[in-house]
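In my numbering, the protein residues as written are 5 to 206. Single-structure report; data block below.
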Amino acid sequence: MRARADAARRSGDPLLQRDLVEQAKAGDLDAFAQLVKASAPRLTGVAYLILRDAHRAEDALQDALLLAWRDVRALRDPDAWDAWLRRLTVRACYKAAGKERRRSKVELHVPPDSGVARTPDTSAHVAEREWVLSELGQLDIDRRTVLVLHYYLDLSLPEVAEILDIPYGTVTSRLHRGLEQMRRSMHASPAPMSDPATEHAS
């Protein structure tokens with residue numbers, strides 16, 4: 005079992021992962037542990053980037069994994085494992101942030117554009133991604149989560165919309181406004197990147 009799981013992680017073979025998911029659905033804790041081991045590093049990064057606190061991120065991920073083990077038998081499509089676990093992690097992060105968010109969150113309201121919201125270029129350079137991640141702490145959790153999923157996990161905007169269970173237009177708006185907010189914050193010291201949204205529109 006362990007050798008097959010290791011092979012699945014190295015090769016990214018969906019057939020091997022699907023087999024592990026099916027075994028986890030049947031109650032095999034070892035199969036579930038191998039799936040978690042493969043996913044945990046990226047999910048840990050996601051939780052930390054969203055919550056900006058290592059301890060809260062660890063707690064959120066543990067909550068997500070407990071829910072995953074409890075509900076894995078209800079996962080209809082084994083191929084949806086990765087997206088499902090990402091969704092549980094994001095929801096756990098939102099739950100962990102809820103109390104503090106209600107107490108101390110300061111909303112930054114950006115007037116909507118007069119024109120149609122632009123979709124940023126999804127083929128951003130690595131330098132752009134690094135800049136985006138370094139500025140995440142300035143954003144509210146909604147915009148930050150969209151940027152984390154899009155830039156850190158390289159998910160398409162439709163995939164982000166599906167994970168967050170929000171309309172595609174809301175995703176593009178949060179992404180555009182998040183980038184705009186960060187661009188303004190870097191005005192005094194320009195970032196080593198151009199705004200993908202501006203590039204796409206030009």
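Each residue gets a CB set at the ideal place from its N, CA and C atoms; glycine is no exception. Note that this is a predicted model, so its numbers are computed, not measured.
In chain order, what residues of the same chain lie with their CB nearer than 7 angstroms to the CB of residue i, ignoring the 5 residues before and after it?
i	result
D32	none
Please determine, among the options, the residue with the shortest C-alpha to C-alpha distance to residue i.
i	options	result
M186	R148, H59, A72	R148
A35	A96, R46, W85	W85
E169	W88, R60, D23, W73	Note on residue identity: the sequence assigns Asp, not Glu, to residue 169. Among W88, R60, D23, W73, the Cα nearest to that of D169 belongs to W88.
L140	L183, E62, D23, A61	L183
A28	A96, R91, R74	R74
R77	E62, A30, H154	A30
L47	I167, V94, E163	V94
Within the same chain, show all residues whose beta-carbon is closer than 6 angstroms to that of residue i, passing over the 5 residues directly before and after it, in chain order.
i	result
V25	P82, W85
M190	none
A165	Y172, V175
I145	A101
A96	A64, D67, A68
R178	D146, R147, V150
A61	A51, Y52, L55
Helix, strand or coil for residue i? Go by DSSP, reduced to three states.
i	result
R170	Checking the sequence, you will find Ile at residue 170 rather than Arg. If DSSP states are grouped into helix, strand and coil, I170 belongs with coil.
M190	coil
S138	helix
R91	helix
D81	coil
A205	Low confidence applies to A205: its pLDDT is 42, below 50, so where it sits in the model is not reliable, and the reading given next is rough at best. Helix, per DSSP.
D63	helix
D75	helix
L19	helix
L24	helix
What do you get for residue i, buried or exposed, if any count of 16 or more other CB atoms within 10 angstroms of its CB means buried?
i	result
S138	exposed
L19	exposed
R188	exposed
H59	exposed
R80	exposed
With a CB to CB cut of under 8 angstroms and the five nearest residues on each side skipped, what residues in its chain are close to residue i?
i	result
K99	A64, D67
R107	Residue confidence is low: R107 scores 49 on pLDDT, short of 50, so the model does not pin down where it sits. Its coordinate-derived value is still stated next. Excluding residues within five positions, none has a Cβ falling inside 8 angstroms.
Q142	Q185, M186, S189
I167	A87, R90, R91, V94, L153, L159
G49	Y156
When you compare the segment 26 to 42 with the segment 68 to 87, are there three or more beta-carbon pairs, one atom per stretch, that lie closer than 8 angstroms? Yes, since at least three Cβ pairs between the segment 26 to 42 and the segment 68 to 87 fall closer than 8 angstroms, the two stretches touch.
Does the segment 48 to 56 come into contact with the segment 158 to 166, if we say contact requires no fewer than three beta-carbon pairs (one atom in each stretch) closer than 8 angstroms? The segment 48 to 56 is not in contact with the segment 158 to 166.
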